[in-house]
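Each number in the numbering used here corresponds to the 1-based position in the sequence shown with 454 added. Before any comments, here is the structure.
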Amino acid sequence: MNNKVVWVTGASTGIGKEIAMAFSRAGYIVVVTGRRKSRLVNLAGEIKFAGREASALVCNVASERSVQSTTKRILEKYGRIDCLINNAGVTVFKSLLETKVMDYDYVMDINLRGAFLCMKSVLNKMVKMKKGHIINILSVAANTVLDNSAIYACSKAGLLALSNSARKEVRKYNIKITNILPGAVETAMWDARTRQKYKNRMMNPEDVAAMALKVFEMPKKVMVEDIIMRPQKGDL
Ligand SMILES: NC(=O)c1ccc[n+]([C@@H]2O[C@H](COP(=O)([O-])OP(=O)(O)OC[C@H]3O[C@@H](n4cnc5c(N)ncnc54)[C@H](OP(=O)(O)O)[C@@H]3O)[C@@H](O)[C@H]2O)c1
455 MNNKVVWVTG
465 ASTGIGKEIA
475 MAFSRAGYIV
485 VVTGRRKSRL
495 VNLAGEIKFA
505 GREASALVCN
515 VASERSVQST
525 TKRILEKYGR
535 IDCLINNAGV
545 TVFKSLLETK
555 VMDYDYVMDI
565 NLRGAFLCMK
575 SVLNKMVKMK
585 KGHIINILSV
595 AANTVLDNSA
605 IYACSKAGLL
615 ALSNSARKEV
625 RKYNIKITNI
635 LPGAVETAMW
645 DARTRQKYKN
655 RMMNPEDVAA
665 MALKVFEMPK
675 KVMVEDIIMR
685 PQKGDL
């Protein structure tokens with residue numbers, strides 16, 4: 455077993471869950487976090503049943519205290535965080551005219567502030583270790599105009615800008631920052647009707663997980679900066 459520790463946020467369902475499974479199958483120790491404890495405990499149990507190491511911790515990425523205590527617990531248990539996968543994210547499908555301030559706060563607090571808090575919380579240790587990798591799950595919405603997604607796009611574009619600045623600062627410490635920008639993926643983020651209608655066209659969460667693992671396993675001297683992946687037939 456590899457002793458590298460990979461922290462996946464928002465691992466209860468969808469892309470995060472598949473990322474945790476893919477990294478675990480590849481032999482890494484995975485720490486799965488999110489708000490729904492029972493799902494995380496089940497996932498970690500499944501991984502342990504297969505003979506691999508995993509921990510499940512409740513972490514609300516929008517809460518600074520929750521993120522800090524999670525980071526502390528991971529470091530107390532394993533002494534290292536080799537990879538943070540900023541995957542936790544939400545959306546509200548509304549036009550800008552319909553969007554309320556509370557919708558803005560909800561999406562920005564999780565997608566942008568949450569990723570910022572997690573990134574900040576691991577970077578000091580990574581700088582000391584002079585290595586580490588942060589993989590952000592963004593969206594094509596970061597650089598494409600999609601319907602009913604203005605605030606979501608804003609949160610992902612903000613994280614893209616934050617990551618680009620952070621990468622410039624920390625590459626001298628051998629720290630890698632990769633942004634993955636997927637198009638539509640069949641997960642609970644979409645309502646049942648849309649999933650049913652487009653399920654043959656949407657990518658699967660396993661596709662994004664495979665890409666995250668691939669970029670993590672690139673040679674030490676290679677930093678994959680941005681990956682854009684879309685359904686073959688384009689956006690919905
Ligand atoms: N599906 C797509 O088409 C698509 C395309 C491009 C990018 N993405 C991105 O992929 C990521 C994963 O989304 P998904 O499609 O897999 O949807 P999903 O199945 O709804 O997963 C979202 C995850 O985020 C977690 N989460 C939400 N709020 C959180 C919070 N405050 N703190 C911690 N975790 C939180 C949820 O777990 P808990 O509820 O247990 O906390 C859940 O595990 C998101 O960043 C999304 O923007 C999705």
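In this text, a Cβ means the ideal position worked out from N, Cα and C, and glycines have one as well.
Since residue i and residue j are thought to touch, with beta carbons under 8 Å apart, how far apart are those beta carbons, to the nearest angstrom?
i, j, result
"N540", "N590", "5 Å"
"I629", "M580", "5 Å"
"D557", "V546", "5 Å"
"R489", "N456", "With a Cβ gap of about 28 Å, R489 and N456 do not count as contacting."
"A516", "T553", "18 Å between Cβ atoms; not a contact."
"L635", "D680", "7 Å"
"K396", "A595", "The shown model of the chain, from 455 to 690, leaves out residue 396, and the question about it has no answer."
"M657", "M683", "7 Å"
Between residue i and residue j, is the Cβ-Cβ spacing less than 7 Å?
i, j, result
"Y482", "K458", "yes"
"Q486", "S478", "One detail in the question is off: residue 486 reads as Val in this sequence, not Gln. No, the Cβ-Cβ distance between V486 and S478 is not below 7 Å."
"A510", "V521", "no"
"L529", "V576", "no"
"A542", "T641", "no"
"G612", "L566", "yes"
"A638", "L690", "yes"
"V512", "K491", "yes"
"V662", "T632", "no"
"G468", "P659", "yes"
"R493", "S466", "yes"
"Y606", "V555", "no"
State the beta-bridge partners of residue i as determined by DSSP.
i, result
"K554", "For K554, which the question treats as bridged, DSSP gives no partner whatsoever."
"A508", "V484"
"M683", "P636"
"I588", "L538, I631"
"S603", "K548"
"V459", "I483"
"M657", "V639"
* To do: Please determine if the segment 664 to 673 and the segment 467 to 481 are in contact, where contact requires at least 3 C-beta pairs separated by less than 8 Å.
  => Enough Cβ pairs lie closer than 8 Å, so yes.
* Asked: Would you call the segment 597 to 604 and the segment 645 to 662 touching, i.e. three or more CB-CB distances under 8 Å?
  -> Counting Cβ pairs under 8 Å, fewer than three are found: no touch.
| said: Taking 8 Å as the cut-off, does the segment 555 to 574 touch the segment 621 to 630 (at least 3 CB pairs, one atom from each stretch)? | reply: The segment 621 to 630 makes no contact with the segment 555 to 574; the number of CB pairs closer than 8 Å stays below 3.
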